[in-house]
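Colleague:
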Amino acid sequence: MNQDKSIKSRMEQSMKTHISANEATYGPQQYKTFAGALTAFFSEECPQLGGMRTRQVLSSTIISMVNKFYPETSHLKQGQTPWVTTDKNATKSYGKKINQTPLVSVILDLVRAEDIQERKDGKKLRDIKKEAVARVLKQSYKQGGCMTSVELAILLKISPPTVGKYIKEWELEHNEVLPRRGSIHDMGPTLTHKKIIIEKLFIKKLSVQQVSRETYHSFQAIQRYISKFKQVLICYKKGMNINEIAKVIGNTSRLIKEYEAIILEYKDRGFVLEQIINTDAKVDSQYETIVNDLNSQKN
410 MNQDKSIKSR
420 MEQSMKTHIS
430 ANEATYGPQQ
440 YKTFAGALTA
450 FFSEECPQLG
460 GMRTRQVLSS
470 TIISMVNKFY
480 PETSHLKQGQ
490 TPWVTTDKNA
500 TKSYGKKINQ
510 TPLVSVILDL
520 VRAEDIQERK
530 DGKKLRDIKK
540 EAVARVLKQS
550 YKQGGCMTSV
560 ELAILLKISP
570 PTVGKYIKEW
580 ELEHNEVLPR
590 RGSIHDMGPT
600 LTHKKIIIEK
610 LFIKKLSVQQ
620 VSRETYHSFQ
630 AIQRYISKFK
640 QVLICYKKGM
650 NINEIAKVIG
660 NTSRLIKEYE
670 AIILEYKDRG
680 FVLEQIINTD
690 AKVDSQYETI
700 VNDLNSQKN
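One point on numbering: in the working numbering, the residue at position 224 of the sequence shown is 633, and numbering is uninterrupted.
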């Protein structure tokens, strides 16, 4: 019995020695990676960061960011380009510094084969760039990004005011809001979307949920537009001028002028303003929302 225990003990010791030798031989190879290099760098140059576990977590995070912002480019098509932009889910905050804002990497179709054919067919460069503005904004949003006019100006080699003009024209032509930071995060003087949202709500009688999806605005933002438009409309019906309405509602005269322009257009088109005032925006039930979501995914 004692002899058996002795043999077993020697075997276990031999196994441990073998494992220890393997670990000593091959263990260091595990650290000969980018993650290992980062961990060694932090250990040597930034010892104040903490212990080994903290440095490994930091290294892993950096590697994830590298993979995110420097994707493989071998699969890129001709005319595509990677671009880093604002995360569309970033909390809205006018004047927020960019170094406080989450970013994402997206792949954009800057030039398509169709663009070459369209130039060959004589299509105006202006119209091609207008379509490019819409395409890039949609592609960025679909991949989790939210671009600005300045970014588009850099990519398309045009000025920011020209980008703004193209966006406004495209939105009016298609009665659709393009997803950009000015509208998604309520930043800057993005104004065309107000008219489109009000048109969809009060003239086309779409639900708040449908308008929210189609215009890339939150439910709360849609509700604000409803409230503000009705306030201006009621004041207008009372015969108040722009400055009086601005003072009562607590907004700028410029904003009131924009709402007034929408009201005057509806009046010219023969819509009864009192009916709009008394119309409540439609809100889908939970069941209707699910059905509409499924239908929009099919389309």
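Idealized CB from N, CA, C, for every residue including glycine.
Bear in mind that the values here come from a model prediction, so they are computed numbers and not experimental data.
Assuming contact is defined by CB atoms lying nearer than 9 angstroms, are Leu-561 and Pro-569 in contact in what I supplied?
Modeller: yes
Colleague: Please go through the stretch 524-576 and give each complete alpha helix (DSSP H) segment of 4 or more residues, from N-terminal end onward.
Modeller: 534-551 and 558-565
Colleague: Mapping DSSP to helix, strand and coil, what is Val-657?
Modeller: helix
Colleague: Just the Cα atoms here: how many angstroms apart are Thr-510 and Phe-478?
Modeller: Approximately 15 angstroms, taken between the alpha carbons.
Colleague: Helix, strand or coil for Asp-677? Go by DSSP, reduced to three states.
Modeller: Asp-677 falls in the helix class under three-state DSSP.
Colleague: Drop a sphere of 10 angstroms on the beta-carbon of Val-513, count the other beta-carbons inside from all chains shown, and report buried for 16 or more, exposed for fewer.
Modeller: buried
Colleague: Look up Trp-492 in the DSSP assignment and give the residues it is bridged to.
Modeller: Val-515
Colleague: Specify the secondary structure class of Tyr-645 as computed by DSSP and reduced to three states.
Modeller: helix
Colleague: Which value, in whole angstroms, describes the spacing of the CA atoms of His-602 and Leu-610?
Modeller: 12 angstroms
Colleague: Between the C-alpha atoms of Tyr-625 and Thr-470, what's the straight-line distance to the nearest angstrom?
Modeller: 31 angstroms
Colleague: Where Asp-572 and Asn-476 are concerned, what is the direct C-alpha to C-alpha distance, given to the nearest angstrom?
Modeller: The displayed chain sequence assigns Val, not Asp, to residue 572. Straight-line Cα distance between these residues: approximately 31 angstroms.
Colleague: Let me check understanding here. Comparing Cα to Cα, which of Gln-619, Arg-622 and Thr-688 lies closest to Lys-639?
Modeller: Thr-688
Colleague: When you compare only the Cα positions, how much space is there between Lys-529 and Gln-552?
Modeller: 31 angstroms
Colleague: Assign Asn-650 to one of three DSSP states: helix, strand, or coil.
Modeller: Residue state, collapsed to three classes: coil.
Colleague: Which of the three DSSP states, helix, strand or coil, is assigned to Lys-464?
Modeller: The residue asked about is misnamed: residue 464 is Arg in this sequence, not Lys. Here DSSP, grouped into helix, strand and coil, assigns Arg-464 to helix.
Colleague: Grouping DSSP H, G and I as helix and E and B as strand, with all else coil, what is Ala-449?
Modeller: DSSP, reduced to helix, strand and coil, places Ala-449 within a helical segment of the structure shown.
Colleague: Is the stretch 482-497 touching the stretch 534-542 in the sense that three or more CB pairs, one from each, lie closer than 8 angstroms?
Modeller: Flag = no, the stretch 534-542 and the stretch 482-497 do not touch.
Colleague: Spatial neighbours of Tyr-645 within its chain, please: C-beta separation below 6 angstroms, excluding the five flanking residues on both sides.
Modeller: Ile-672
Colleague: Just the Cα atoms here: how many angstroms apart are Lys-647 and Gly-679?
Modeller: 19 angstroms
Colleague: Can you give me the C-alpha to C-alpha distance between Glu-674 and Glu-585, rounded to a whole angstrom?
Modeller: Distance between the alpha carbons of Glu-674 and Glu-585 is about 18 angstroms.
Colleague: Return the CA-CA distance between Val-692 and Ile-606, expressed in angstroms with no decimal places.
Modeller: 14 angstroms
Colleague: Write down the C-beta distance between Pro-588 and Lys-547 rounded to the nearest angstrom, noting that I regard them as a contact closer than 8 angstroms.
Modeller: 7 angstroms
Colleague: Give the secondary structure of Lys-613 by DSSP, where H, G and I count as helix, E and B as strand, and everything else as coil.
Modeller: coil
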